[in-house]
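Heads up, the sequence shown is in my numbering, so the first residue is 102 and it goes up one at a time.
Just so you know, even glycine gets a beta-carbon here, dropped at the ideal spot from N, CA and C.
First up is the structure itself, then whatever we jot down about it.
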Amino acid sequence: MANEVSPRVRKIPERQCIGCSAHRPKSELIRIVRDPNGEISLDATGKKPGRGAYICKASACLAKAKKSRRLEKNLSVRIPDEVYERLERELDCDER
């Protein structure tokens, strides 16, 4: 029985929320992406091309990220208030 092979344990990728700084599995977070054209959007699939930042599925985390300007720092771009409002509406739809 010395030749038994144990099952492989898959590592679950973790990311840090830019709002509350909590480390969570990637599947529990939403990716906000700046695409090559400079447009900011939510990436539910996690596969859109571009620079990304992760946030919890709570509008409170988006508010914290906006207040501390962490989203702007992570995406290396100035984000207008209209984009924050659109992201908050999209997050509200995802919470339901």
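N- and C-terminal bounds of the alpha helix (DSSP H) containing residue i
i           : result
residue 111 : It is not in any alpha helix (DSSP H) - residue 111 carries neither H nor E in the DSSP assignment.
residue 143 : Run containing residue 143: none in the alpha helix (DSSP H); it sits in the beta strand (DSSP E), 141 to 144.
residue 171 : 171 to 176
Outcome for residue i when other beta-carbon atoms lying within 10 angstroms are tallied against a minimum of 16
i           : result
residue 118 : buried
residue 111 : exposed
residue 109 : exposed
residue 194 : exposed
residue 89  : This structure cannot settle anything about residue 89, because the visible part of the chain is limited to 102 through 197.
Cutoff 6 Å; reference residue i; Cβ partners in own chain excluding five residues on either side
i           : result
residue 114 : 127
Supposed contact pair residue j and residue i - C-beta distance, whole angstroms, cut 8 Å
i           : j           : result
residue 120 : residue 158 : Residue 120 to residue 158, Cβ: 11 Å. No contact.
residue 147 : residue 171 : Residue 147 to residue 171, Cβ: 19 Å. No contact.
residue 125 : residue 116 : 7 Å
residue 192 : residue 155 : Incorrect: roughly 13 Å between the Cβ atoms, too far for contact.
Range of the contiguous beta strand (DSSP E) that encloses residue i
i           : result
residue 154 : 152 to 156
residue 137 : Counting along the chain, residue 137 falls outside any beta strand (DSSP E), and DSSP gives it neither H nor E.
residue 126 : 124 to 126
Same chain, Cβ closer than 7 Å to residue i, five either side skipped, listed in chain order
i           : result
residue 189 : 160 and 163
residue 186 : none
Using 8 Å as the threshold, is the stretch 167 to 181 in touch with the stretch 128 to 146, meaning 3 or more CB pairs across them?
-> Taking a cut-off of 8 Å on C-beta distances, the stretch 167 to 181 touches the stretch 128 to 146, as three or more cross pairs fall below it.
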